[in-house]
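**Student:** Starting off with a structure, shown below.
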Amino acid sequence: MTSPPTCPPANPWRLTTAPMMDWTDRHCRVLFRHLAPHARLYTEMVTTGPLIYGDAEQHRRHLQFTEIEHPVALQLGGSEREDLARAAKLGADYGYDEINLNCGCPSERVQRGAFGACLMAEPALVADCVRAMIDAVPPSVPVTVKHRIGLDYDESYDFVRDFVGTVAEAGCRVFIVHARNAVLKGLSPKENREIPPLRYDVVARLRVDFPTLVFVLNGGITTAQQCVDLLDVAPDDADEAPHGVMLGRAAYHDSYMLAHAERALFGTPLPSREQIVECMIGYTAREIAATQGERFHTRVRDVARHVLGLYSGQVGGKAWRRMLSDARLLNHDDPELLRRAMPYQSEYDDHRQPLLDALSG
Ligand SMILES: Cc1cc2nc3c(=O)[nH]c(=O)nc-3n(C[C@H](O)[C@H](O)[C@H](O)COP(=O)(O)O)c2cc1C
Numbered sequence: 388m389t390s391p392p393t394c395p396p397a398n399p400w401r402l403t404t405a406p407m408m409d410w411t412d413r414h415c416r417v418l419f420r421h422l423a424p425h426a427r428l429y430t431e432m433v434t435t436g437p438l439i440y441g442d443a444e445q446h447r448r449h450l451q452f453t454e455i456e457h458p459v460a461l462q463l464g465g466s467e468r469e470d471l472a473r474a475a476k477l478g479a480d481y482g483y484d485e486i487n488l489n490c491g492c493p494s495e496r497v498q499r500g501a502f503g504a505c506l507m508a509e510p511a512l513v514a515d516c517v518r519a520m521i522d523a524v525p526p527s528v529p530v531t532v533k534h535r536i537g538l539d540y541d542e543s544y545d546f547v548r549d550f551v552g553t554v555a556e557a558g559c560r561v562f563i564v565h566a567r568n569a570v571l572k573g574l575s576p577k578e579n580r581e582i583p584p585l586r587y588d589v590v591a592r593l594r595v596d597f598p599t600l601v602f603v604l605n606g607g608i609t610t611a612q613q614c615v616d617l618l619d620v621a622p623d624d625a626d627e628a629p630h631g632v633m634l635g636r637a638a639y640h641d642s643y644m645l646a647h648a649e650r651a652l653f654g655t656p657l658p659s660r661e662q663i664v665e666c667m668i669g670y671t672a673r674e675i676a677a678t679q680g681e682r683f684h685t686r687v688r689d690v691a692r693h694v695l696g697l698y699s700g701q702v703g704g705k706a707w708r709r710m711l712s713d714a715r716l717l718n719h720d721d722p723e724l725l726r727r728a729m730p731y732q733s734e735y736d737d738h739r740q741p742l743l744d745a746l747s748g
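Written as structure tokens, this is what we have:
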């Protein structure tokens, strides 16, 4: 159903989906693409290690994507300029439309590798890495940075302003701002996405101070209306508005909201959930056939886990989740399971009842 947009939007970052480890793999991104034909999709973070030291099979495992995912950005994690430059080139050779550097992840594991959010304390190093990455890829592939607005409990605006200024001097033009601090000690990654307060006003100040750069606002956006309110502001406020929004958890847990955001921001007609499921059945069948006999072959469960949120809040949505999480049903590895799990619009006319009864038995 969905083909890549023929006419790219004037602003390629208007609607974007967040990099999320273990979530936004290529199957998830295909779902996102069907829901939002104009969104820019980001991979999970890929660290430079497997790209530098891995063989061709490992590269394929980490970098492979499906054509319809375009435009798709590869997010890299690392802090060694040579390694990042080589990984960026590999990504560009694979056909990624953008290379993004992670300067926002606060996990201890990532800190031990001295990258992610702790890189914000070293803007000169980030600038150096960005310069090397830009030199390694064709000019048509932008190198961008995703970052927080501060570290620990330091709320000074100057810190993030100087970070952006230094990295921009190295040639980075696009900054994706998760608009809360990263607390490096004492908070888990999950808490770091919830506890430090969101401060969208910091992004507004960055917009004013750096009028030639592109800023994408990330953090806490849960509805299509919020996207519109943030982006399509009155002309008097336009100098402070972000150029784009990035949706993370909401797009994953309630994926149909992405179709609403697409409609609100681009006027694209809403597909039905059933049309999306049909697309994913076809995709899953093609994937299974194409990877038959391979070491990392695709199974129905690899795709099914990402569509669990498609009927979030809908009649029959709980049974949809239950069926697509049930090992006994998934073990058949039949993409038609998605059709069988699809809710009817009425809970009183549920074609799935015999199967559900069997699962309870
Ligand atoms: C499960 C999970 C994994 C994440 N992995 C990454 C990652 O690999 N790279 C990154 O920059 N951010 C990562 N994030 C942070 C998101 O990209 C995003 O910045 C954050 O969730 C805030 O946006 P939201 O409120 O729309 O979810 C992750 C978030 C979640 C929930």
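Counted from 1, the sequence shown has number 470 at position 83 by this note's numbering; the numbering is strictly sequential.
Glycine is no exception: its CB is placed at the ideal position from the N, C-alpha and C atoms.
Predicted, not measured: the structure shown is a model, and the values here were computed from it.
1) Tell me the DSSP secondary structure of Tyr429 in three-state form.
2) From the DSSP output, which residues share a beta bridge with Met633?
3) According to DSSP, simplified to helix, strand and coil, what is Leu438?
4) DSSP state of Leu742, grouped into three classes?
5) What residue from Phe597, Leu711 and Asp541 has the CA that sits closest to Leu746's CA?
6) Could you tell me the alpha carbon to alpha carbon distance between Arg401 and His630, rounded to whole angstroms?
7) Does the region 478-486 come close enough to the region 523-538 to have 3 or more Cβ pairs within less than 8 Å?
8) Could you tell me the distance, in whole angstroms, from the CA atom of Cys559 to the CA atom of Arg673?
9) Does Gly669 come out as helix, strand or coil in the three-state DSSP assignment?
10) Below 8 Å on the Cβ atoms is my guess for Leu538 versus Met507; work out the distance and round it to an integer in Å.
11) Among Leu461, Val687, Glu665 and His693, which one has its Cα closest to the Cα of Met729?
12) Which residue marks the beginning of the beta strand (DSSP E) containing Gly464, and which one marks its end?
13) Let me check understanding here. Comparing Cα to Cα, which of Pro437, Asp641 and Pro458 lies closest to His449?
14) Looking only at C-alpha atoms, which of Gln498, Pro406, Leu585 and Glu723 sits nearest to Glu431?
15) So is Ser378 buried or exposed if we call it buried at 16+ other beta carbons inside 10 Å?
16) Please report the straight-line C-alpha distance between Thr609 and Arg468, rounded to a whole angstrom.
17) With respect to 8 Å, is the separation between the Cβ of Ile608 and the closest non-hydrogen atom of ligand 1 below this value?
18) Quick one: what's got a C-beta closer than 6 Å to Trp707's C-beta in the same chain, skipping five residues either side?
19) May I ask which residues mark the beginning and end of the alpha helix (DSSP H) holding Cys415?
20) Work out the CA separation of Ile663 and Thr531 for me, nearest whole Å.
21) Below 8 Å, is the gap between the Cβ of Ala638 and the nearest heavy atom of ligand 1?
**Tutor:** So, from the listed chains and residues:
1) strand
2) Thr403 and Asn605
3) helix
4) helix
5) Leu711
6) 6 Å
7) yes
8) 38 Å
9) helix
10) 6 Å
11) Glu665
12) Val459 to Gly464
13) Pro437
14) Pro406
15) For residue 378 there is no data in the structure shown, the boundaries of the chain being 388 and 748.
16) 36 Å
17) yes
18) Tyr698, Ala728 and Pro730
19) Arg413 to Leu422
20) 31 Å
21) yes
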